Amino acid sequence: MYILVTNDDGIHAPGLLALYQALAAEHEVAVVAPESEQSAVGHAISLLNPLRVKKVTKNGSFFGWAVSGTPADCVKIAVAEILPQRPDLVVSGINHGANVGINVLYSGTVSAATEATIMGIRAMAISLSTFREADFRVAAAFAARLAGELPKLHLPAGVCLNVNVPSLPQNQIKGVMLTRQENGLLVERYERRVDPRENIYYWLAGINTKRQVEPGTDFWAIENGYISITPIHHDLTHYACLEALAQMEWPEE
Ligand code: MN
């Protein structure tokens with residue numbers, strides 16, 4: 045397969061290198077990734093600034109293209125301008141940190157995969173559940189295995205896979221669990237600080253995990269030692285509600 049690899053942690057992130065190496069063992073892999081970290085930019089695209097594209101080398105040989113934009117920009121410009129052919133698959137990651145629950149909406153990693161499915165290309169996002177020093181080997185090996193399987197899955201149009209891997213050695217991973225997105229509210233906290241000129245500023249100081257995590261969800265899976273796979277879809281329509289609303293009387297013009 046011809047695979048496009050991207051991420052939101054930036055082209056120099058170790059998670060992207062681990063993913064590239066695992067996939068390049070069996071596939072032709074192109075890297076087009078943000079030149080700087082773009083975590084939590086969601087599905088943003090650049091309209092007010094140009095996109096600058098630069099070649100990046102590693103150990104003296106060509107590695108990939110760095111783009112001065114977001115993960116979604118990277119997928120768009122890779123397919124439209126940079127790559128010599130359309131990729132068979134887009135893999136985004138390996139993100140340093142889980143992308144489960146509501147974080148899926150903020151995630152640049154997931155949005156790159158979503159962008160690919162919007163363009164009609166198979167895609168998956170993969171994230172490692174740790175904020176500490178990361179060992180990406182287990183997640184990279186799983187990404188390579190799943191990439192080989194993906195064409196056989198016949199995912200419906202517009203559906204990509206959001207994969208989260210617990211930060212555990214291979215022999216402590218209990219298996220793979222198909223999950224739904226955790227829906228609970230996250231508890232956020234802003235740290236209030238004072239700058240040297242005595243102006244007050246705030247900084248999002250981390251997200252506390254929910255105390256009660258529902259079984260069957262992406263969050264529950266990684267908390268309990270399972271690799272989580274959630275099929276996700278960019279169409280935000282709530283179809284059951286649409287039907288219910290259609291039964292109601294609406295004001296005439
Ligand atoms: Mn990230």
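According to the numbering used here, the sequence shown is numbered sequentially starting from 45. We treat Cβ as the ideally placed atom computed from N, Cα and C, and that holds for glycine. On a predicted model such as this, the values are computed, not experimentally measured, just so you know.
Residue i beta carbon near ligand 1 (any heavy atom closer than 7 Å)
i: residue 53; result: yes
i: residue 250; result: no
i: residue 113; result: no
i: residue 140; result: yes
i: residue 274; result: no
i: residue 260; result: no
i: residue 152; result: yes
Alpha-carbon to alpha-carbon, residue j and residue i
i: residue 99; j: residue 82; result: 19 Å
i: residue 205; j: residue 265; result: 15 Å
i: residue 93; j: residue 116; result: 14 Å
i: residue 71; j: residue 129; result: 14 Å
i: residue 288; j: residue 294; result: 12 Å
i: residue 108; j: residue 161; result: 22 Å
i: residue 195; j: residue 215; result: 27 Å
i: residue 141; j: residue 232; result: 16 Å
i: residue 279; j: residue 240; result: 46 Å
i: residue 114; j: residue 210; result: 26 Å
Beta-carbon proximity of residue i to residue j, cut-off 8 Å
i: residue 222; j: residue 269; result: no
i: residue 50; j: residue 85; result: no
i: residue 52; j: residue 153; result: yes
i: residue 55; j: residue 124; result: no
i: residue 134; j: residue 157; result: yes
i: residue 48; j: residue 74; result: yes
i: residue 256; j: residue 145; result: no
i: residue 235; j: residue 249; result: yes
i: residue 172; j: residue 138; result: yes
i: residue 272; j: residue 207; result: yes
i: residue 120; j: residue 79; result: no
i: residue 184; j: residue 62; result: yes
Bridge partner(s) assigned by DSSP for residue i
i: residue 168; result: 135, 205
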